[in-house]
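Keeping their order, the protein sequence lines are chains A and B.
For the first sequence, numbering that gives the first Met the number 0 gives the first residue as 0, with consecutive numbering after it.
For the second sequence, numbering that gives the first Met the number 0 gives the first residue as 0, with consecutive numbering after it.
For glycine and all other residues, C-beta sits at the position ideal for the given N, C-alpha and C.
Read through the structure below, which is laid out as structure tokens, and then see the notes.
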Amino acid sequence: MDLKGKKITVHDMCLRDGMHPKRHQITVAQMVDIAKAMDEAGIPLIEVTHGDGLGGASVNYGFPAATDEEYLTAVCKEMKNTKVSALLLPGIGTVDHLKMAVDCGISTIRIATHCTEADVSEQHLTMASQIKGLDRVGFLMMAHMIEAEELVTQLKLMEGFGANCVYITDSAGYMLPDDVSSRVALARAELRPETELGFHGHHNMAMGIANSLAAVEAGANRIDGSLAGLGAGAGNTPLEVFVAVCERMGVETGVDLFKAMDIAEDKIVPMMDHLVRVDRDALTLGYAGVYSSFLLFAKRSAQKYNLSSRDILVELGRRRTVGGQEDMIEDLALDMARARGTI
Amino acid sequence: MSKKVKAAIIGPGNIGTDLLMKAMRSEFIEPVWMVGVEAESPGLRRAKEMGLKTTADGVDGMLPSMKADGVQICFDATSAYVHAENSRKVNEQGAVMIDLTPAAIGPFCVPPVNLAEAVAARAMNVNMVTCGGQATIPLVAAVSRVQAVSYGEIVATVSSKSAGPGTRKNIDEFTRTTASGIERVGGAASGKAIIVINPAEPPLIMRDTVHCLTVDEPDQEAITRSVLAMIAEVQQYVPGYTLKNGPVFDGKRVSIYMEVEGLGDFLPKYAGNLDIMTAAGLRTAELYAREILAGNFVPNAA
């Protein structure tokens, strides 16, 4: 694989996707400390919000340690070079949240929908397009569930609504490098040349790095990852590892590798409540194609109703659940426990 | 019962047509007009075949004769954008407007919770909140009538095929209007609504989860009793309104897991989200009609 000379933008997810393994309890002070270190390390873009995006604070997804507004205000004002993004899932957050985040100082808004439902992002991308200078990203989740042609149709919808960058998101960590290559290559061929293309991976099958490289080779120029892999499931593409690989391959990221390593080792890992790794359940997510943030919910329901979390996750995959259906997990666990006569 | 109140349906799409099929069976409502904007609309053609007067010129096409035709109740199954104008026009002709769009210019009506109140208030425009609101607000109210609810949250999961272009273009209307209904009708001090669209095939039946946080420790027995009674109330007009699990009690959290299967009149059975809207709209109209027939209420232009 020859990627020499390519320039890409890496986007760190610790302070958004990393909220999932932290049950949304990262404090404002921790966010500011980590964000400042990332700024120092030359990470160009970081995401900050509740794990489920703006407005995610809920019984269903978990109540965070602070509000989106508190996190964003505190982080944005400390950044020298690093830009801050916020995620928004229509159906959870609204344009009111978007406006609030812009007022807090974000430079990028990412509007995320299930891969077949891009049209629900019209309202939000259209509004974002009216805000001068705002970087607008359309983010198609669970992209493994449909083939490249259908996915590109949906990406084009987002492009049409005003996204200047669109993402192929492997929310379940299910994809293998060929799955990524085919989707990214077709998107690159079909989208406008000026539209940027990104890939967001999860490491559930330990494919984070390989998939991200495949994406770059096929034409993606934005890659999501998180230092020490702090993210849902087995985490995101471990960013310091990816940066090291990029350096060896001659891909420019602009990130100071050793500083990135130090943040991962000295700040992120000590903050983890459990080691974010490919454990049995995280591997099941990738294997069965299940939304990564279901992990802890399945573990909790398994414990409460004396079931196997793997059984719960496999069944969620079989039922083709999508991102946001966390409420399905306890409901399903109750059905399974009843079927086994344990409740 | 020989006498019925005459009604018009504005919007011959999926919702309007399903509503028409339900209204044809009503003891109290007689649909006489179907109003559309496209001459080629299959919904208009179907209504015509069923013996209704039709127009493709919007509400303006019906206005000149609606009074003479005795229309006293109108249903708006179009979109929030045109609703206010439609409502003003039919109100001027002395007809009550039942709003199935998310415009929410009139008071919210969730039949088993506040229908009697809305009708007693003689409102000339009532709003049916949202599909997710009709499916969940009764249960928030079932908890809040037992004890104070500090926070009510609902998650509505609907199949892709049942989420129409109107909902998709303006999904924020759903979350805002439903959250507001959870507070104003459901009785929660603060409300949140989440909608998830799932494209699985075969399409999934509408699912709804209701989470309430009670101020004090929940009275499990009383809440369970209240929830079961409320479900029976809703089942009177949506027989497929089914408790799947719960109420689950976890500290001050009360969670109720529901499935809503529609009657399958015109819309498929999985689209319980749409069915519960049309069924609730018709139920509201029927109570108005009974008041009108009993001579207790004469709708007229204010």
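(message) Is the separation between the beta-carbon of A243 of chain A and that of H201 of chain A shorter than 8 Å?
(response) no
(request) Give the DSSP-derived three-state secondary structure of V280 of chain B in the structure shown. (result) The sequence given here places Gly at residue 280 of chain B; Val does not occur at that position. If DSSP states are grouped into helix, strand and coil, G280 of chain B belongs with the helices.
(message) By DSSP's criteria, T112 of chain A is part of a beta bridge. Which residues make up the other side?
(response) A:L139
(message) Considering just the uninterrupted stretch of the alpha helix (DSSP H) at V103 of chain A, what are its terminal residues?
(response) Checking the displayed sequence, the identity of residue 103 of chain A turns out to be Cys instead of Val. Per DSSP, C103 of chain A belongs to the alpha helix (DSSP H) from 94-103.
(message) Does P43 of chain A come out as helix, strand or coil in the three-state DSSP assignment?
(response) coil
(message) Please report the straight-line C-alpha distance between A233 of chain A and G50 of chain A, rounded to a whole angstrom.
(response) Rounded to the nearest angstrom, the gap between the Cα atoms of A233 of chain A and G50 of chain A is 15 Å.
(message) Can you tell me whether R135 of chain A is buried or exposed? The criterion is at least 16 other CB atoms within 10 Å of its CB, across all chains shown.
(response) buried
(request) Kindly list, in the order they appear in chain B, the residues whose Cβ is closer than 7 Å to that of P89 of chain A. (result) Taking the beta carbon of P89 of chain A as reference, the chain B residues within 7 Å of it are I170, listed in sequence order.
(request) Pull out every residue of the segment 93-122 of chain A whose Cβ sits closer than 7 Å to any Cβ of chain B, in chain order. (result) T93, V94, H113, T115, E116, D118, V119, E121, Q122
(message) I want to see whether chain A comes within less than 8 Å of S78 of chain B, judged by CB atoms only; does it?
(response) no
(message) For T168 of chain A, list the residues DSSP reports as bridge partners.
(response) A:H199
(message) Across the segment 9-25 of chain B and the segment 70-84 of chain B, are there enough close Cβ pairs to call them in contact, namely three or more that are closer than 8 Å?
(response) Taking a cut-off of 8 Å for Cβ pairs, the segment 9-25 of chain B and the segment 70-84 of chain B touch, as three or more such pairs fall below it.
(request) For N305 of chain A, decide whether its Cβ has a neighbour in chain B, counting only Cβ atoms nearer than 8 Å. (result) no
(request) Confirm, please, whether the CB-CB distance from I110 of chain A to L343 of chain A is below 8 Å. (result) Any question about residue 343 of chain A goes unanswered here, given that chain A covers just 0 to 342.
(message) Nearest by alpha-carbon distance to A127 of chain A: which of A:D102, A:V179, A:V151, A:A186 is it?
(response) It is A:D102 whose Cα lies nearest to the Cα of A127 of chain A.
(request) Could you tell me the distance, in whole angstroms, from the CA atom of A142 of chain A to the CA atom of E29 of chain B? (result) 48 Å
(message) When you compare the CB positions of E46 of chain A and H96 of chain A, do they come within less than 8 Å of one another, or not?
(response) Taking the C-beta atoms as reference points, H96 of chain A is found no nearer than 8 Å to E46 of chain A.
(message) To the nearest angstrom, how far is the alpha carbon of Q29 of chain A from that of C130 of chain B?
(response) For the pair Q29 of chain A and C130 of chain B, the Cα-to-Cα distance works out to about 41 Å.
(message) Between which residues of its own chain and A117 of chain A is the CB-CB distance below 6 Å, once the five residues before and five after are set aside?
(response) Excluding residues within five positions, the ones whose Cβ falls inside 6 Å are Q153, L156, M157.
(message) Taking a contact to mean a Cβ-Cβ separation below 8 Å, would you say K5 of chain B touches D98 of chain B in this structure?
(response) no
(request) State the beta-bridge partners of E148 of chain A as determined by DSSP. (result) DSSP output for E148 of chain A lists no bridge partner at all.
(message) On a Cα-Cα basis, can you pick out the residue from A:C245, A:E121, A:I42 that is closest to G4 of chain A?
(response) A:C245
(message) Does chain B have any CB closer than 8 Å to the CB of G323 of chain A?
(response) yes
(request) Indicate whether at least one CB of chain B lies closer than 8 Å to the CB of D353 of chain A. (result) Here chain A covers residues 0 to 342 and nothing more, so residue 353 of chain A does not appear.
(message) Nearer than 7 Å: is that true of the beta carbon of A336 of chain A relative to any heavy atom of the ligand FMN?
(response) This structure does not include the ligand FMN; it has no bound ligands of any sort.
(message) Quick check: is the beta carbon of D326 of chain A nearer than 8 Å to any beta carbon in chain B?
(response) yes
(request) Would you mind sorting A188 of chain A into buried or exposed? The rule is 16 or more other CB atoms within 10 Å of its CB. (result) exposed
(message) For G41 of chain A and S225 of chain A, which I take to be in contact (beta-carbon distance under 8 Å), what is that distance rounded to the nearest angstrom?
(response) Rounded, the Cβ-Cβ distance is 16 Å, inconsistent with contact.
(request) Look up P11 of chain B in the DSSP assignment and say whether it is helix, strand or coil. (result) coil
(request) Kindly list, in the order they appear in chain A, the residues whose Cβ is closer than 8 Å to that of N244 of chain B. (result) E329, D330, L333, D334
(request) May I have the straight-line CA-CA distance separating K76 of chain A from D264 of chain B, to the nearest angstrom? (result) 56 Å
(request) Look at the Cβ atom of A7 of chain B, then the Cβ atom of V36 of chain B, and state whether they are nearer than 8 Å. (result) no
(message) Going by DSSP, what residue range makes up the beta strand (DSSP E) through L87 of chain A?
(response) Counting along the chain, the beta strand (DSSP E) containing L87 of chain A begins and ends at 82-87.
(message) Assuming L100 of chain A and L71 of chain A are in contact, meaning their beta carbons sit under 8 Å apart, how far apart are those beta carbons, in whole angstroms?
(response) At residue 100 of chain A the sequence reads Ala, which differs from the Leu that was named. Yes, they are in contact, since the Cβ atoms of A100 of chain A and L71 of chain A sit about 6 Å apart, within 8 Å.
(request) Give every residue of the same chain whose Cβ lies closer than 6 Å to the Cβ of T341 of chain A, excluding the five residues on either side of it in the sequence, and list them in chain order. (result) N305
(message) Going by C-alpha to C-alpha distance, which of A:M37, A:Y60, A:K6 sits closest to V195 of chain B?
(response) A:Y60
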